[in-house]
Amino acid sequence: MEFTDSPDQAELREVVRDFLGRHVTPERVRAAAAGSDGYDAALWMRLCGELGLTALPVPEALGGAGAGFAEVAVVLEETGRVLAPVPYLSGAVAATLLACGEPDAARQFLPGLADGTAKAALALDGEVTLEDGTVSGTARNVADGAAADVLLVRAVDTLVAVRAADADVEAVGTLDQTRPQANVTFRASPAITVGVPADLAQDLLRTALAVEAVGAADHCLAATVAYLKERVQFGRPIGQFQALKHRCAGLAVEVESARATARAAVWTAVHDPDSLAVVGPLAKRHCADVFMHVTAEMIQLHGGIGFTWEHEAHLYFKRAKSTQLTAGTPAQLRRLVGERAGLI
Amino acid sequence: MGGQDNDAAGDAAFRDEIRSWLAANLTGEFAALVGKGGPGREHEFVPERIAWERRLGEGRWIGIGWPQQDGGRELSWQQQVIFHEEYARAGAPARVGHIGEQLLGPTLLMCGTPQQRARFLPGILTGTELWCQGYSEPEAGSDLAAVKTRAVLREGQWHIHGQKVWTSLAQFSDWCFVLARTDPGEQRHRGLSYLLVPMDQPGVDVRPIVQLTGTSEFNEVFFDDARAAEADVVGAPGDGWRVAMSTLAVERGVSTFGQQQGFAREFEAVLAQARANGGIADPDLAARLVDAWIGLRVLRYTAQATLGVPAGTTPGTEANIVKLLWAPWHQRLGELAVDVLGAAGTEVGPDYDLSDAQRLFLYTRSDTIYGGSNEIQRNVIAERLLGLPRG
Ligand SMILES: Cc1cc2nc3c(=O)[nH]c(=O)nc-3n(C[C@H](O)[C@H](O)[C@H](O)COP(=O)(O)OP(=O)(O)OC[C@H]3O[C@@H](n4cnc5c(N)ncnc54)[C@H](O)[C@@H]3O)c2cc1C
Chain A
1 MEFTDSPDQA ELREVVRDFL GRHVTPERVR AAAAGSDGYD AALWMRLCGE LGLTALPVPE
61 ALGGAGAGFA EVAVVLEETG RVLAPVPYLS GAVAATLLAC GEPDAARQFL PGLADGTAKA
121 ALALDGEVTL EDGTVSGTAR NVADGAAADV LLVRAVDTLV AVRAADADVE AVGTLDQTRP
181 QANVTFRASP AITVGVPADL AQDLLRTALA VEAVGAADHC LAATVAYLKE RVQFGRPIGQ
241 FQALKHRCAG LAVEVESARA TARAAVWTAV HDPDSLAVVG PLAKRHCADV FMHVTAEMIQ
301 LHGGIGFTWE HEAHLYFKRA KSTQLTAGTP AQLRRLVGER AGLI
Chain B
1 MGGQDNDAAG DAAFRDEIRS WLAANLTGEF AALVGKGGPG REHEFVPERI AWERRLGEGR
61 WIGIGWPQQD GGRELSWQQQ VIFHEEYARA GAPARVGHIG EQLLGPTLLM CGTPQQRARF
121 LPGILTGTEL WCQGYSEPEA GSDLAAVKTR AVLREGQWHI HGQKVWTSLA QFSDWCFVLA
181 RTDPGEQRHR GLSYLLVPMD QPGVDVRPIV QLTGTSEFNE VFFDDARAAE ADVVGAPGDG
241 WRVAMSTLAV ERGVSTFGQQ QGFAREFEAV LAQARANGGI ADPDLAARLV DAWIGLRVLR
301 YTAQATLGVP AGTTPGTEAN IVKLLWAPWH QRLGELAVDV LGAAGTEVGP DYDLSDAQRL
361 FLYTRSDTIY GGSNEIQRNV IAERLLGLPR G
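Chains A and B supply the protein sequences, listed in that same order.
With the first letter of the first sequence counted as 1, position 137 gets the number 137 in the UniProt record's numbering; the numbers rise by one all the way through.
With the first letter of the second sequence counted as 1, position 117 gets the number 117 in the UniProt record's numbering; the numbers rise by one all the way through.
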């Protein structure tokens with residue numbers, strides 16, 4: 001099992017991190033959240049075009065870079081770190097799934113996803129049925145659903161691709177304004193089989209969410225530690241108080257454990273997908289819980305400023321909760337892991 | 001995803017080698033030792049376990065990572081991990097020589113003279129000389145630099161006076177590495193020396209301390225004009241703090257992987273108990289069991305990710321991070337083990353004979369104290385990894 005980046009992955013990480021660090025400020029995240037569709041279109045264009053990040057999981061024959069999910073994961077940790085207001089996670093997971101599925105679906109959708117002219121969303125939690133090549137039913141709280149051109153939909157156990165134009169898509173307001181959602185209704189909408197088990201799709205999504213959560217949690221800890229070094233009370237930096245130091249040390253242990261777990265899940269997705277049934281939900285549960293804890297501590301350790309709309313802490317706090325509650329709640333995932341591992 | 005699935009070809013052959021050696025040797029007189037010794041049961045089968053330590057030495061299974069010129073096998077990190085995994089998987093008895101092998105040996109490899117290495121390493125490698133660690137004192141625990149035990153050099157010998165405490169396995173040991181003050185004019189970290197002291201002499205008095213398990217693993221050790229040879233000081237006189245710290249630094253936790261194999265066995269036993277008595281039907285217990293299983297996976301990934309990286313590439317707080325994960329995890333498993341038993345978990349055998357679950361429950365309280373308490377580990381992470389200011 002590999003936990004460290006290959007030289008190419010390390011270079012990719014540096015490029016993406018540097019780019020996002022320079023261009024994605026909290027102001028820009030907030031501006032995008034307040035905008036009409038919740039995205040930063042200019043940023044998206046540059047990520048797709050200039051950096052070619054959407055092409056990573058797409059085979060070269062279909063206009064992609066022919067890399068894989070390990071490279072997607074590198075990007076996800078970095079987009080998570082800054083809460084980049086782009087639908088990268090949904091699109092990259094969808095493209096990864098299409099790239100290992102049926103050629104038909106791949107040929108139809110991957111070229112657009114590779115160059116960023118098309119966007120994707122994942123509707124894996126709905127009540128949707130498949131009949132005669134069409135799907136019917138509803139999927140709620142579909143992340144990035146409103147902007148999507150193609151939806152990968154779970155119809156019982158089958159994963160199908162549906163054009164958004166063939167469904168009713170209704171944007172809804174979100175607690176986490178950095179990731180827009182929609183409710184989607186299908187009425188005998190034409191569907192193309194992807195050729196990947198729906199459960200595997202769900203576990204890959206969970207893995208992606210885990211990785212993204214690690215990047216975000218890492219940022220929250222770093223920002224909190226930086227604040228503790230600079231904020232003075234009682235005549236000294238508050239980072240000198242052992243009560244606070246110990247809490248940060250505890251968070252550092254949690255974040256390291258989350259990073260290791262997310263990377264184990266990525267490795268499993270790439271090299272041992274059968275085991276992702278356990279490791280995917282396990283990683284999402286652990287990493288989302290750590291992310292939630294870190295953001296709650298971030299608010300507390302910042303005091304009053306941490307409770308303001310102006311400060312970035314609440315953006316992460318809300319993202320953490322939405323990560324925790326989508327694609328399986330902590331309690332649901334615990335049960336799932338217990339059952340799949342044969343414990344209960 | 002266990003180690004055995006991903007072995008390279010040479011490593012797989014090595015795994016077979018250790019497996020068949022254990023199968024061939026953990027038999028006859030040693031068969032009764034399976035699962036014996038270890039935390040809370042160090043008093044069990046001591047002479048037999050000492051004999052087993054020698055058998056391990058004959059098989060050259062001690063110091064397997066040490067340089068060949070010092071009598072080791074110079075095995076790769078990966079193969080050392082495999083050894084510890086297979087050892088734990090076979091249920092081979094808890095080692096009585098681990099303090100010499102894991103603490104003193106590496107210290108001598110780093111800081112000892114060629115003569116000291118030639119004199120002391122063979123005894124560790126053959127299992128014929130057992131060691132204990134004389135650091136803690138009544139007034140120097142977390143604050144180790146406060147040690148008061150003093151040693152004076154007279155007529156070619158160190159004369160030692162003072163008291164150590166919590167000294168694990170001192171009652172079975174042949175030697176003790178002692179941190180003592182040799183320069184009375186100096187304070188704190190300065191003026192300390194790292195002495196190698198024979199235990200079998202009139203000036204050394206070992207008094208076992210009864211632990212909350214009712215058994216004795218650690219001791220008080222009194223030095224009343226105890227002697228050590230002038231040459232048996234590791235590093236220069238007065239440089240003992242640096243030597244003692246390198247003991248801690250070299251311990252990068254290969255054995256953690258064997259320890260986790262032991263954790264997995266303990267977890268399986270708790271799960272089996274919950275199935276046998278129906279406890280698993282209780283949603284709260286079921287949830288805690290799954291959480292324990294998830295926690296063990298997370299622990300394993302974190303140990304692989306942090307301890308497996310080459311030394312010097314990270315700030316050196318990996319072992320602190322892993323300890324802060326496993327020690328509380330182990331305590332929670334101990335609590336779960338007795339909770340699964342319900343009221344039956346409150347009953348002990350004659351002479352306070354504890355069940356495995358009770359022993360796990362009680363003994364794990366020490367996991368967050370020894371080897372640097374959790375609070376001290378957090379101080380280290382906060383200051384060295386996160387760079388938070390000293391208080
Ligand atoms: C089972 C067992 C085996 C042991 N074996 C050995 C051995 O073989 N050789 C040996 O030398 N020692 C051994 N020890 C001793 C062990 O290293 C010490 O117990 C440990 O270092 C703590 O020291 P103390 O007991 O004096 O507690 P103290 O240092 O008095 O600590 C008491 C409490 O105060 C906290 N505390 C202390 N300082 C700070 C601080 N700066 N910030 C925050 N909190 C603080 C501690 O975390 C703890 O909770 C063993 C201990 C146990 C339990």
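Cβ coordinates follow ideal geometry from the N, Cα and C atoms, glycine included.
Just the C-alpha distance for residue i and residue j, rounded to the nearest angstrom, thanks.
i              : j              : result
P315 (chain B) : F234 (chain A) : Note on P315 (chain B): pLDDT 49, under 50, position unreliable in the model; the coordinate value appears next. Using only the alpha carbons, I get a separation of about 31 Å.
I160 (chain B) : D239 (chain B) : 17 Å
R207 (chain B) : E220 (chain B) : 5 Å
A210 (chain A) : A94 (chain A)  : 16 Å
T313 (chain B) : R41 (chain B)  : Residue placement at T313 (chain B) is flagged as unreliable, the pLDDT there being 46, under the threshold of 50; a coordinate-derived value is accordingly withheld.
R28 (chain A)  : D40 (chain A)  : 8 Å
G59 (chain B)  : A8 (chain B)   : 23 Å
D289 (chain A) : T364 (chain B) : 25 Å
W241 (chain B) : E137 (chain B) : 15 Å
V197 (chain B) : E312 (chain A) : 59 Å
G218 (chain A) : E78 (chain A)  : Note that residue 218 (chain A) is Asp in the sequence shown here, rather than Gly. Distance between the alpha carbons of D218 (chain A) and E78 (chain A) is about 10 Å.
T261 (chain A) : E131 (chain A) : 39 Å
A165 (chain A) : V86 (chain A)  : 21 Å
L307 (chain B) : A88 (chain B)  : 19 Å
Q79 (chain B)  : F14 (chain B)  : 7 Å
W309 (chain A) : G295 (chain B) : 35 Å
L333 (chain B) : L362 (chain B) : 11 Å
G100 (chain B) : T215 (chain B) : 22 Å
V298 (chain B) : Q331 (chain B) : 16 Å
G35 (chain B)  : G91 (chain B)  : 5 Å
A249 (chain A) : V337 (chain A) : 28 Å
G65 (chain B)  : T329 (chain A) : 45 Å
A311 (chain B) : A305 (chain B) : Low per-residue confidence applies at A311 (chain B): pLDDT is 48, beneath 50, and the placement is therefore not dependable enough to give any value.
H271 (chain A) : T158 (chain A) : 23 Å
What does residue i pair with, by DSSP beta-bridge criteria?
i              : result
I280 (chain B) : According to DSSP, which records beta bridges pairwise, I280 (chain B) is partnered with nothing at all.
F69 (chain A)  : The partner list for F69 (chain A) (beta bridge, DSSP) is empty, contrary to what the question assumes.
G387 (chain B) : Beta-bridge pairing links G387 (chain B) to no other residue.
Q157 (chain B) : B:R154, B:A229
V197 (chain B) : B:C176
F223 (chain B) : B:G162, B:V204
Tell me whether the beta-carbon of residue i lies closer than 8 Å to the beta-carbon of residue j.
i              : j              : result
V162 (chain A) : T193 (chain A) : no
A171 (chain A) : L151 (chain A) : no
T224 (chain A) : M292 (chain A) : no
A155 (chain A) : T129 (chain A) : yes
A327 (chain B) : T368 (chain B) : yes
L228 (chain A) : L251 (chain A) : no
L33 (chain B)  : E53 (chain B)  : no
G303 (chain A) : P389 (chain B) : no
A33 (chain A)  : Q177 (chain A) : yes
C287 (chain A) : A264 (chain A) : no
Verify the CB distance criterion: does residue i have a CB-CB separation below 8 Å to chain A?
i              : result
W326 (chain B) : no
P350 (chain B) : no
Q304 (chain B) : yes
A286 (chain B) : yes
R332 (chain B) : no
Do we get a CB-CB distance below 8 Å when we pair residue i with the residues of chain B?
i              : result
L204 (chain A) : no
E256 (chain A) : yes
R340 (chain A) : no
M1 (chain A)   : yes
R231 (chain A) : no
H293 (chain A) : no
K245 (chain A) : yes
L97 (chain A)  : no
H302 (chain A) : no
Item to check | Where the segment 357–379 of chain B meets chain E: residues whose CB sits under 8 Å from a CB there | outcome: The question asks about chain E, but that chain is absent: this structure's protein chains are A and B.
Item to check | Any beta strand (DSSP E) of 3 or more consecutive residues that is wholly inside the segment 32–59 of chain A | outcome: none
Checklist entry - Going along the chain, which unbroken runs of the alpha helix (DSSP H) with 4 or more residues stay wholly within the segment 58–128 of chain B? => result 77–89, 105–111, 114–125
Checklist entry - Of all the alpha helix (DSSP H) runs that stay within the bounds of the segment 243–328 of chain A, which reach a length of 4 or more residues? => result 276–302, 313–325
Item to check | Minimum length 4: unbroken alpha helix (DSSP H) runs contained in the segment 60–146 of chain A | outcome: Fully enclosed alpha helix (DSSP H) runs of 4 or longer: 69–82, 88–99, 103–115.
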